[in-house]
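Worksheet for the structure shown next.
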Amino acid sequence: MTTRDITLTAGDYTATITTRGGGVRTLSYRGAPLLIGYEAGEDAPMNAGNILSPWPNRVDGGVFIFHGTTHELEITEPQRTNAIHGFVHYQEWQCVDSSEASVTLELHDGQHQGWPWALHHSVTWSLDENTGLSCAYRVRNASDDTAPVAVGFHPYITAHGAPLDECELTLPCGSYLPLETTRNLPAGPMTATTHLGLDGDVATGIAMDGVFFDHCFSVDKPQQPSAYEVILRHRDSDASVVLRSDMRTPWLQVFTADPAYDCGYPGVGRALAVEPMSAPVNAFRSHGAAELDPEESLSINFAIAAG
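Numbering follows our numbering, with no gaps: position 210 of the sequence shown is 215.
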């Protein structure tokens, strides 16, 4: 199946959705980027704009036990010996409905190594001149047995293309799950963000100049009981990008692509991924993953807009 790009327009917004993985390739407002994207025909570098399902982040050694049965997933992060980010981001989705400002894609995904459950995935991307790009994603258990599921999204946000080091980041978070640095797996109990050693509080905004993140944050300071915002703002121009999500994704993996750590974003260098997740790192071996009975589903909604 050939990869297609679907262009959406509404007011001053333009977005490009790709059938490769069902994710978003570009998003701009008045010609300025809100997401760091990539060229047509390329695979998403560093998972940019990808949907992460049926788990986001890592599974330790690719091995987990569910209802008494041991499952061994393919190791897709060999340098750290983990299984990472699920299956859907490298598959071709089918476009089932589209208009000038909206597109719906679907994927029926069967079994994989260590994964005996069939799942049906559906995503609707919608562009609105006032609220920007919204995503409604749903995964349904299409198998005959209960399945573990967690989901996430992997955007690299940008404040209208401003250099990251000139920006300020605000997260609705007061604690984080410490990760060990070798394999990026949980390494201790939840810890207050004041122990990060940053100049400032992430909940009120920190300067990103030289800051490196690869941290799993808990959304425990949402601006509303049922929803939260992440804001990246350019300090000089006040231009900003806002990621909004409901509390069905109460975790944020925040990652800085950085050449100084041998992980720069191609053609950009330093870039910031903010990944809403329904469960934390290594959820299949700890807690937070949903257990979907046959025909049961899990849904998440989020949006990205100019501030």
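We put the CB at the ideal spot given by N, CA and C, even for glycine.
Just so it is clear, the structure is predicted and the values come from calculations on it, not from any experiment.
Original post:
Between Ala106 and the rest of its own chain, which residues show a CB-CB distance below 8 Å, the 5 nearest in sequence each way excluded?
Top reply: As a first step, residue 106 is located in the sequence shown; it is residue number 101 there, counting from the start. Result list for Ala106: Leu13, Thr14, Ala15, Ser131, Leu132, Asp133, in chain order.
Original post:
In three-state DSSP terms, what is Tyr43?
Top reply: On the sequence shown, position 38 is the one that residue 43 refers to. Residue state, collapsed to three classes: coil.
**OP:** Please classify Arg319: is it buried, with 16 or more other beta-carbons within 10 angstroms of its beta-carbon, or exposed?
**Re:** The structure shown has nothing for residue 319, since the chain only spans 6 to 312.
Original post:
Under a three-way DSSP split, which group does Asn55 fall into?
Top reply: Along the sequence shown, read from residue 1 onward, the residue named residue 55 stands at position 50. Strand, per DSSP.
**OP:** Using only alpha-carbon positions, find the residue among Ser103, Thr175, Gln84 that is nearest to Thr186.
**Re:** Taking the first residue of the sequence shown as 1, we reach residue 186 at position 181. Comparing Cα-Cα distances from Thr186 to each of Ser103, Thr175, Gln84, the minimum goes to Gln84.
Original post:
Do you know how far the Cα of Thr196 is from the Cα of Glu111?
Top reply: In the sequence shown, counting from the first residue as 1, residue 111 sits at position 106. In the sequence shown, counting from the first residue as 1, residue 196 sits at position 191. The alpha-carbon atoms of Glu111 and Thr196 are separated by roughly 39 Å.
Subject >> Start and end residues, beta strand (DSSP E) containing Gln258 >> reply: Counted from its first residue, the sequence shown places residue 258 at position 253. Gln258: member of the beta strand (DSSP E) spanning 256-262, first to last residue.
**OP:** Just grab the DSSP bridge partners of His126 for me.
**Re:** Position 121 of the sequence shown, counted from the first residue, corresponds to residue 126. The partner list for His126 (beta bridge, DSSP) reads Leu112, Val144.
Original post:
What's the gap between the Cα of Phe307 and the Cα of Gly205?
Top reply: Numbered from its first residue, the sequence shown carries residue 307 at position 302. Numbered from its first residue, the sequence shown carries residue 205 at position 200. Looking at the two C-alpha atoms, the distance is approximately 27 Å.
Subject >> Buried or exposed (CB count within 10 angstroms, at least 16 for buried), His292 >> reply: Walking along the sequence shown from the start, residue 292 turns up at place 287. Burial call: exposed.
Original post:
Going by alpha carbons, who is nearest to Glu301 out of Pro183, Arg145, Pro194?
Top reply: Against the sequence shown, residue 301 aligns to sequence position 296. For Glu301, the nearest C-alpha among the options comes from Arg145.
Original post:
What are the residues that DSSP puts in a beta bridge with Thr175?
Top reply: Walking along the sequence shown from the start, residue 175 turns up at place 170. Thr175 pairs with Ile236.
Subject >> Short Cβ contact (9 Å threshold) for Ala244 with Ala311 >> reply: Residue numbering aside, residue 244 sits at position 239 when the sequence shown is read from its first letter. Residue numbering aside, residue 311 sits at position 306 when the sequence shown is read from its first letter. In contact: Ala244 and Ala311 (Cβ atoms closer than 9 Å).
Subject >> Beta-carbon gap between Ile56 and Val101 smaller than 9 Å >> reply: By 1-based counting over the sequence shown, the position of residue 56 is 51. By 1-based counting over the sequence shown, the position of residue 101 is 96. No; because the gap between Cβ atoms is not below 9 Å, this pair is not in contact.
Original post:
Any idea what DSSP makes of Val247, helix, strand or coil?
Top reply: The residue given as residue 247 occupies position 242 in the sequence shown. It is a strand residue.
**OP:** Assign Glu296 to buried or exposed, taking buried as 16 or more other Cβ atoms, counted over all protein chains shown, within 10 Å of its Cβ.
**Re:** As a first step, residue 296 is located in the sequence shown; it is residue number 291 there, counting from the start. Label assigned to Glu296: exposed.
Original post:
Secondary structure at Phe289, three-state DSSP: helix, strand or coil?
Top reply: In the sequence shown, counting from the first residue as 1, residue 289 sits at position 284. Of the three classes helix, strand and coil, the one that applies to Phe289 here is helix, per DSSP.
Subject >> Where Thr21 falls: helix, strand or coil (DSSP) >> reply: As a working note, residue 21 is residue 16 in the sequence shown. If DSSP states are grouped into helix, strand and coil, Thr21 belongs with the strands.
Original post:
Could you check where the beta strand (DSSP E) with Phe307 kicks off and where it finishes?
Top reply: Position 302 of the sequence shown, counted from the start, is the residue given in the question as residue 307. Residues 302-311.
Original post:
Is the beta carbon of Tyr270 less than 9 Å from the beta carbon of Gly137?
Top reply: Within the sequence shown, numbered from 1, the residue matching residue 270 stands at position 265. Within the sequence shown, numbered from 1, the residue matching residue 137 stands at position 132. Their beta carbons are not under 9 Å apart, which means Tyr270 does not touch Gly137 by this criterion.
**OP:** Just confirm the distance between the C-beta atoms of Ser58 and Gly91, as a whole number of angstroms; I'd bet it's less than 8 Å.
**Re:** Translated into positions along the sequence shown, residue 58 becomes position 53. Translated into positions along the sequence shown, residue 91 becomes position 86. Ser58 to Gly91, Cβ: 5 Å. Contact.
Subject >> Same chain, Cβ closer than 6 Å to Pro264, five either side skipped, listed in chain order >> reply: Taking the sequence shown and counting its residues from 1, the one referred to as residue 264 is at position 259. Around Pro264: Gly274.
Subject >> the region 205-215 touching the region 172-187, judged by at least three CB pairs closer than 8 Å >> reply: Contact holds: three or more Cβ-Cβ distances are below 8 Å.
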